[in-house]
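Peer 1:
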Amino acid sequence: MPKTPRNVSGTPAPLDLQDPRADVLGDVLGASLIRHALYKPLEARAPWGLRTPRLPRASFYLVARGSARLEVEGQRVHVLSPGEVGFVPHGTPHVLRDAPDSEPILVCDGPCSPSLTPRKIGGRGAATTVIAGFFELSGGREPMLVRDMPPLVVLSATDAVSGPWILATVQLVLAETGSPRPATGLVLQRLADVLFVLALRSTAHQGGCAPSALAAFADQRIYDALNLMHTRVDDPWTVEELARRVGMSRSGFAARFTELVGEPPLQYLARWRVARAAELLRDTDEKVATIAGRVGYDSVPSFSRAFKRWQNASPATFRRTAERHGLRVK
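Residue numbers (numbering that gives the first Met the number 0): 0 to 329.
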């Protein structure tokens, strides 16, 4: 079972949100960084089009020259211009093409080649250069924020807040894909991480996003509660204690947290504890009992039950599977 609550007296020290340990977004992103990224430069001439069916991976498209219509199923069409990046985070079916009536071909007829040699498609009309990208997220912990991203996220170098970072990242991607050199694969992997973080930042600052930790960032007290859960995951938190720490009534806190995050406080905490445990099982040789204590459980049986509920595998099975598939990073 989770650790027995302790009596907490006195006024808690104020939470320093400038402390990098209190960066909830960064903490969750540490669980969701990209495991595999594939880039494919495309040299297209009108008429041209690419169709991507539903896939268990995310896609992104960076326009270097010309323009491209990104048509994501169920979403408004967005015309990508140079300096813009379109993200399709959930593998939703979509089409990228120069005009509404251009017939698309499959983006990859079989496994996509990791080669950075440009693929030439289309006819003899106006030229467009696109860098297509595909990525899978790290499997150790559930990507808690990605699940609530919209079906399409567009990054623009003209954005008033993140524009300079987007522009710099786009330029680096174009330089590396246009002129491969030693360690280009590693550089592109890291740039995919950066683009992904920028897409999540963009989603976090947009209004009207789905209930998730993203929406909770806009509410200081709920954000403070998330920080407490993330930075002190092994503490024996109760709803009452979390509410007291952020200056709310128990009922008011529970209702507001559930409204913004999409699940009750202790359910979120249980999921986060298991996520942290999964990372430790994957990336360290610590004993299961040690990991259980580090994420707030007094006994291995109670920890194992909670872990299996969220991961559909026992801690030992999870670790063996990670070892077998080469996912452990020690």
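All C-beta atoms, glycine included, are put in the ideal place defined by N, C-alpha and C.
1) Rounding to the nearest angstrom, what Cα-Cα distance links Thr289 and Ser250 in this structure?
2) Could you check what DSSP says for Pro46 in three-state terms: helix, strand or coil?
3) Kindly identify the DSSP beta-bridge partner or partners of Lys39.
4) Keeping to the same chain, check which residues put their C-beta closer than 8 Å to that of Thr157; ignore five residues upstream and five downstream.
5) Between the alpha carbons of Gln17 and Val160, how many angstroms are there, rounded?
6) When DSSP labels each residue in this structure, what does Gly82 get in the three-state scheme?
7) Let me know the secondary structure DSSP gives His89 once reduced to three states.
8) On a CA-only basis, which of Glu72, Ala276 and Leu227 is nearest Arg243? Give me that one, please.
9) Roughly how many whole angstroms lie between the Cα atoms of Glu239 and Phe256?
10) Over what stretch of residues does the beta strand (DSSP E) that includes Glu258 continue unbroken?
11) Mind checking Lys39: buried by the 16 CB within 10 Å criterion, or exposed?
12) Please report how far the alpha carbon of Arg275 lies from the alpha carbon of Pro300, in whole angstroms.
13) Nearest chain B C-beta to Val106 closer than 8 Å, yes or no?
14) Using 10 angstroms around the beta-carbon of Gln266, count the other beta-carbons present and answer buried if the total reaches 16, otherwise exposed.
Peer 2: Checking against the coordinates, here is how it stands:
1) By one-based count along the sequence shown, residue 289 stands at place 290. By one-based count along the sequence shown, residue 250 stands at place 251. A direct Cα-Cα distance of roughly 34 Å separates Thr289 from Ser250.
2) Reading the sequence shown from its first residue, position 47 is the one you call residue 46. Note: Pro46 maps to coil in three-state DSSP.
3) Looking up residue 39 in the sequence shown gives position 40. Beta-bridge pairing links Lys39 to Ala131.
4) To locate residue 157, count along the sequence shown from 1; it is residue 158. Excluding the 5 residues flanking it on each side, Thr157 has same chain C-beta neighbours closer than 8 Å at Gly82, in chain order.
5) If you number the sequence shown from 1, residue 17 lands on position 18. If you number the sequence shown from 1, residue 160 lands on position 161. Because Gln17 sits at a pLDDT of 47, beneath the cut-off of 50, its placement in the model cannot be relied upon, and the following sentence gives the value as read from the coordinates. Approximately 19 Å between the Cα atoms of the pair.
6) The residue given as residue 82 occupies position 83 in the sequence shown. Looking at Gly82 - three-state DSSP - the assignment turns out to be coil, as it is neither helix nor strand.
7) Counting from one through the sequence shown, the residue named residue 89 turns up at place 90. DSSP places His89 in coil when its eight states are reduced to three.
8) Mapped onto the sequence shown, residue 243 falls at position 244. Nearest C-alpha to Arg243: Leu227.
9) Here residue 239 refers to the residue found at position 240 of the sequence shown. Here residue 256 refers to the residue found at position 257 of the sequence shown. Those two C-alpha atoms are separated by around 13 Å.
10) For the purposes of this step, residue 258 is taken as the residue at position 259 of the sequence shown. Per DSSP, Glu258 lies in no beta strand (DSSP E) segment; the continuous alpha helix (DSSP H) that holds it begins and ends at Arg249 to Val260.
11) Counted from its first residue, the sequence shown places residue 39 at position 40. So Lys39 ends up on the buried side.
12) Within the sequence shown, numbered from 1, the residue matching residue 275 stands at position 276. Within the sequence shown, numbered from 1, the residue matching residue 300 stands at position 301. Their Cα atoms are separated by approximately 17 Å.
13) No chain B appears in the structure shown, which is made up of a single protein chain.
14) Here residue 266 refers to the residue found at position 267 when the sequence shown is read from its first residue. Taking all protein chains shown into account, Gln266 has fewer than 16 neighbouring C-beta atoms within 10 Å of its C-beta and is therefore exposed.
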